[in-house]
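Student: Sequential numbering from 1 applies to the sequence shown in the UniProt record's numbering.
Think of the CB as a built atom: it goes at the ideal place given N, C-alpha and C, for glycine as much as any other residue.
Encoded as structure tokens, here's the structure I'll be asking about.
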Amino acid sequence: MVYICFPCMQKLEFKFPLTVSCVHFICSSIGAYIAIKILKIKPLIEVAPEDRWRRIFPMSFVFCINIVLGNVSLRYIPVSFMQTIKSFTPATTVILQWLVWRKYFDWRIWASLVPVVGGIMLTSITELSFNMFGFCAAMVGCLATSTKTILAESLLHGYKFDSINTVYYMAPFATMILSIPAIVVEGSGVINWFYTYDSIVPALIIITTSGVLAFCLNFSIFYVIHSTTAVTFNVAGNLKVAVAVLVSWMIFRNPISGMNAVGCAITLVGCTFYGYVRHLISQQAVALSPRTPRSRMEMLPLVGDKQEKI
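Right under this line is the structure:
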């Protein structure tokens, strides 16, 4: 969602990332409500208030911390440097799940992350511009990203949630969390922008459109995590960077160095290897124990099987 903020901030002179993020979460709340209550795409999963605060609020809080730290780091370091730091996210996700959540990973998973992380570092390392504060913010943001995806995975895999219901419960919490700092830090600036900007209506349409895109992005994030794992989602994020560099060269003829090209190639090979390893491990798991849940956590649903009828 950090990158969705860029068009609004640059083209519209709307340099209020917290406010834009609030708009995004409001649009996500409305989109999830329409999908569940009006379009009936998915039945509403009823969650007790105490479970909302205990299970969903922490993920929403980390989600917001990730956005804030991303915005802060981009004030001090370029996107290329931030992508280099973010390349460690798959590795930190595996390490956190191993250390904190005591999750076992096959040695081939560890090995496949080496080219994934190393390749994207080579892709971005030629454009480094170091700043200690921005570096620290990006590193903590990297840990927040890993924690967010791990919490989302535990919710989606272990507690019988789906992507739409996750956005339905997460987005209002995130709006509540971000609204207070947005009002305190950016409130006066936003009011001044309303009085001084020439084309308010077109600008609001663009900002709202970015909110719709943010809803699609949030839904996609939880859908991918629900369909795969937190590690796979973060590996795909690294793959996205490499593909973006290649596409910019092939279509827009943006110049890239030999180091960038080598890094992209290594990342693509690493992601392919990771996907192959995941496939082998899943096939072995099915052959050995087809009815065994992924972990003990899957036997502890957040809610019962009772859902709102369509």
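(1) Would you report the Cα separation of G270 and C22, rounded to the nearest angstrom?
(2) Assign H157 to one of two classes, buried (16 or more other C-beta atoms within 10 Å of its C-beta) or exposed (fewer than that).
(3) Among the residues of its own chain, which have a CB less than 6 Å from the CB of S146, if the five just before and after it don't count?
(4) Can the beta-carbon of M170 be found closer than 8 Å to that of S60?
(5) Going by C-alpha to C-alpha distance, which of N218, S199 and V62 sits closest to F25?
(6) Threshold first: 4 residues or longer. Then list the alpha helix (DSSP H) segments lying entirely within the stretch 47-82, N to C.
(7) In or out: L195 buried (at least 16 other Cβ within 10 Å) or exposed?
(8) For L44, which of helix, strand or coil comes out of DSSP?
(9) Please return the same chain residues whose Cβ sits closer than 7 Å to the Cβ of F133, not counting the five positions on each side in sequence.
(10) Which of the three DSSP states, helix, strand or coil, is assigned to T228?
(11) Counting only the same chain and skipping the five closest in sequence on each side, list residues whose C-beta sits under 8 Å from that of C27.
(12) Can you check whether the CB of G141 is closer than 8 Å to the CB of L69?
(13) By a C-beta neighbour count over all protein chains shown, 10 Å radius and 16 as the cutoff for buried, is G263 buried or exposed?
(14) Since F16 is in the alpha helix (DSSP H), which residue starts that stretch and which ends it?
(15) Go ahead and pull the three-state DSSP assignment for L122.
(16) Please determine, among V201, A137, A35 and T229, the residue with the shortest C-alpha to C-alpha distance to N165.
(17) Quick one: complete alpha helix (DSSP H) runs, 4+ long, within the stretch 131-182?
(18) What residue range does the alpha helix (DSSP H) around I36 cover?
(19) Rounded to whole angstroms, how far is the Cβ of residue 342 from the Cβ of C64, which I believe are closer than 8 Å?
(20) Considering only C-alpha positions, which residue in the set K15, S199, I56 and A111 is nearest to V167?
(21) Quick one: what's got a C-beta closer than 7 Å to T229's C-beta in the same chain, skipping five residues either side?
Tutor: From the atom records:
(1) Looking up residue 270 in the sequence shown gives position 270. Looking up residue 22 in the sequence shown gives position 22. For G270 and C22, the distance between alpha carbons rounds to 36 Å.
(2) Counted from its first residue, the sequence shown places residue 157 at position 157. Result: buried.
(3) On the sequence shown, residue 146 is found 146 positions in, with the first residue counted as 1. Closer than 6 Å at Cβ, skipping near neighbours: T89, T92, T93 and L96.
(4) Sequence index remark: in the sequence shown, residue 170 carries index 170 (1-based). Sequence index remark: in the sequence shown, residue 60 carries index 60 (1-based). It is a contact, given that the beta carbons lie within the stated cut-off.
(5) Residue numbering aside, residue 25 sits at position 25 when the sequence shown is read from its first letter. The option with the nearest alpha carbon to F25 is N218.
(6) 57-74
(7) Along the sequence shown, one-based indexing puts residue 195 at 195. Here residue 195 is Tyr; the residue named in the question, Leu, does not match the sequence. Y195 comes out exposed.
(8) The count along the sequence shown starts at 1 and reaches residue 44 at position 44. L44: coil per DSSP, three-state reduction.
(9) The residue labelled residue 133 in the question sits at position 133 within the sequence shown. Excluding sequence neighbours, F133 sits near Y76.
(10) If you number the sequence shown from 1, residue 228 lands on position 228. In the structure shown, T228 sits in coil (DSSP, three-state: anything other than H, G, I, E or B).
(11) Within the sequence shown, the letter at position 27 stands for residue 27. Cβ within range, chain order: T208, G211, V212, A214 and F215.
(12) Here residue 69 refers to the residue found at position 69 of the sequence shown. Here residue 141 refers to the residue found at position 141 of the sequence shown. Yes.
(13) Position 263 of the sequence shown, counted from the start, is the residue given in the question as residue 263. So G263 ends up on the buried side.
(14) Position 16 of the sequence shown, counted from the first residue, corresponds to residue 16. F16 -> no alpha helix (DSSP H), and no H or E assigned at all.
(15) On the sequence shown, residue 122 is found 122 positions in, with the first residue counted as 1. In the structure shown, L122 falls within a helical segment according to DSSP collapsed to helix, strand and coil.
(16) Along the sequence shown, one-based indexing puts residue 165 at 165. The shortest C-alpha separation from N165 is found at A35.
(17) 132-158
(18) Within the sequence shown, numbered from 1, the residue matching residue 36 stands at position 36. Careful: I36 lies outside any alpha helix (DSSP H) and carries neither H nor E.
(19) The question about residue 342 has no answer here: the residues shown for the chain are numbered 1 through 310.
(20) By 1-based counting over the sequence shown, the position of residue 167 is 167. Among K15, S199, I56 and A111, the Cα nearest to that of V167 belongs to I56.
(21) Within the sequence shown, residue 229 is the residue found at index 229, counting from 1. These residues qualify, in order along the chain: E153.
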